[in-house]
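Chemist: Sharing a structure with you now.
Protein chains: 2
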Amino acid sequence: MMSRDEAEVLAANEAFYAIFASRDLTAMEQLWARNLGITCIHPGWSPLQSRASVIGSLRGILDNPTSPKIRCVEPRVHLLGETAYVICFEVFSGSRLVATNVFAREDGEWRMVHHQAGPVATSDEAEEEEAVDPGALN
Amino acid sequence: MMSRDEAEVLAANEAFYAIFASRDLTAMEQLWARNLGITCIHPGWSPLQSRASVIGSLRGILDNPTSPKIRCVEPRVHLLGETAYVICFEVFSGSRLVATNVFAREDGEWRMVHHQAGPVATSDEAEEEEAVDPGALN
């Protein structure tokens, strides 16, 4: 059975993706930690390692009328005491990414501290790739 | 000044990359947490979320004579109490990836619990991409 912490982390993770539909920048800012440092690696980007750059990049996405809604699929939470991370797929516009979302408890709430998303093979490709040696993929 | 925890986490992170040169599977197994769950997202792969699949994938890389040595560049540690994560670039064979490596303190040692690596733009590309809206990159 899922613990209360796990359920709260999954709810925060779900809220992150819901904001790409609601485009609510205030909700996005509140979702991320305020006292802890925050970081973000968008697919193909160099890492953003300051609050200004992370929130600025998210504002750019939410302000862009062409940026897609993102559906979170198969989220799985991994709890590490006062920190947790979720691994999930992000599905939108026929694309699929895989993400790591790190959360930390701050002021009694689970807040996001890090996000990395990157490309993932489609199911067919994944089956083929898992049959070969991972070294060959680098 | 760097704290002792930060220095220890960076050393564990450095050890992870050194193993791709030494090809020492025992050292690799000892680097990862033993009691906590471990997970790994290799570039382009579906996430591995069991000890057997994570260690198995790393064994495949270390056993492959053609898999490259990996140099870790610009590691930066983010401490969250008993958990920490490092963001760094991975450089090998003219390629460059960006990684998130999550560590947790277990039995008094900082051990790896999660790794995700994905593609990153080269410096020139990054400058161009950061000038456009991030929504367009999805």
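Top line first, the protein sequences correspond to chains W and B. For the first sequence, the positions run 1 to 138 when our numbering is used. For the second sequence, the positions run 1001 to 1138 when our numbering is used. Ideal placement from N, C-alpha and C gives every residue a C-beta, glycine not left out. As the structure is a prediction and not an experimental result, all values here were calculated from the model.
#1: For L62 (chain W), collect the residues of the same chain with a Cβ closer than 6 Å to its Cβ; drop the 5 residues on either side in sequence, then sort them by chain order.
#2: Please report the straight-line C-alpha distance between P1075 (chain B) and I1087 (chain B), rounded to a whole angstrom.
#3: Do V91 (chain W) and G118 (chain W) come within 8 Å of each other at the CB atom, strictly closer than that value?
#4: Just to confirm before moving on: does the CB-CB distance between M78 (chain W) and G1037 (chain B) stay below 8 Å?
#5: To the nearest angstrom, report how far apart P47 (chain W) and T66 (chain W) are at their CA atoms.
#6: So, with DSSP's three-state summary, where would you put S1046 (chain B)?
#7: Using a beta-carbon distance below 8 Å, is S1050 (chain B) in contact with chain W?
#8: Just checking my contact of A1104 (chain B) with L31 (chain W) at CB under 8 Å: how many whole Å lie between their CB atoms?
#9: Could one say the Cβ of D133 (chain W) lies closer than 8 Å to chain B's Cβ atoms, at least one of them?
#10: In this structure, how does DSSP classify T66 (chain W) when only helix, strand and coil are distinguished?
#11: Work out the CA separation of C1040 (chain B) and H1114 (chain B) for me, nearest whole Å.
#12: Can you find the residues in the same chain that come closer than 8 Å, C-beta to C-beta, to V1120 (chain B), ignoring five residues on each side of it along the sequence?
#13: Go ahead and label A7 (chain W) buried or exposed: buried means 16 or more other beta carbons lie within 10 angstroms of its beta carbon, across all protein chains shown.
#14: Just how far apart, CA to CA, sit G1135 (chain B) and L10 (chain W)?
#15: By the three-class DSSP mapping on this structure, what secondary structure does G1118 (chain B) have?
#16: Residues of the stretch 94-111 of chain W in Cβ contact with chain B at a cutoff of 9 Å, in chain order, please.
#17: Could you give the DSSP three-state label for L1036 (chain B): helix, strand or coil?
#18: Of all the CB atoms in chain B, is at least one closer than 8 Å to the CB of Q30 (chain W)?
#19: Starting from F89 (chain W), follow its DSSP beta bridges and name the residues at the other end.
#20: Please state whether DSSP places M1028 (chain B) in a helix, a strand or coil.
#21: Classify M1001 (chain B) as buried or exposed, calling it buried when 16 or more other Cβ atoms lie within 10 Å of its own Cβ.
#22: Please decide whether Y1085 (chain B) counts as near chain W, where near means a Cβ-Cβ distance under 8 Å.
#23: Does DSSP put R1004 (chain B) in a helix, a strand or coil?
#24: Scan the stretch 35-48 of chain W for residues whose Cβ lies nearer than 8 Å to a Cβ of chain B and list them as they occur along the chain.
Modeler: This is what the structure holds:
#1: These residues qualify, in order along the chain: R23, L25.
#2: One alpha carbon belongs to P1075 (chain B), the other to I1087 (chain B), and they sit about 6 Å apart.
#3: No; because the gap between Cβ atoms is not below 8 Å, this pair is not in contact.
#4: One point to set straight first is that residue 78 (chain W) is His, not Met, in the sequence displayed. A contact, by the Cβ cut-off of 8 Å.
#5: Cα to Cα, the separation comes out at about 23 Å.
#6: In the three-state DSSP reduction, S1046 (chain B) falls in the coil class, being neither helix nor strand.
#7: Not an interface residue.
#8: So it is not a contact: roughly 23 Å between Cβ atoms.
#9: Annotation note: pLDDT 42 at D133 (chain W) (below 50); position unreliable, coordinate value reported separately. Output row for D133 (chain W): interface = yes.
#10: Judged by DSSP in its simplified three-state form, T66 (chain W) adopts coil rather than helix or strand.
#11: Between H1114 (chain B) and C1040 (chain B), the C-alpha separation is close to 5 Å.
#12: So the qualifying residues of the chain are F1089, R1096, L1097, V1098, A1126.
#13: Looking at its Cβ environment, which holds fewer than 16 other Cβ atoms inside 10 Å, A7 (chain W) is exposed.
#14: Because G1135 (chain B) sits at a pLDDT of 43, beneath the cut-off of 50, its placement in the model cannot be relied upon, and the following sentence gives the value as read from the coordinates. Using only the alpha carbons, I get a separation of about 24 Å.
#15: Reduced to three states, the DSSP call for G1118 (chain B) is strand.
#16: If the cut-off is 9 Å between Cβ atoms, the stretch 94-111 of chain W has S95, L97, V98, A99, T100, V102, A104 near chain B.
#17: Reduced to three states, the DSSP call for L1036 (chain B) is coil.
#18: Using a CB distance cut-off of 8 Å, Q30 (chain W) does not count as an interface residue toward chain B.
#19: In DSSP, F89 (chain W) forms a bridge with W:V73, W:V98.
#20: M1028 (chain B): helix per DSSP, three-state reduction.
#21: With fewer than 16 other Cβ atoms within 10 Å, it is exposed.
#22: Taking Cβ atoms only, chain W reaches closer than 8 Å to Y1085 (chain B), which makes this a yes.
#23: If DSSP states are grouped into helix, strand and coil, R1004 (chain B) belongs with the helices.
#24: Only those residues of the stretch 35-48 of chain W whose C-beta falls short of 8 Å from the nearest C-beta of chain B are listed: L36, G37, T39, I41, H42, P43, G44, W45, S46, P47.
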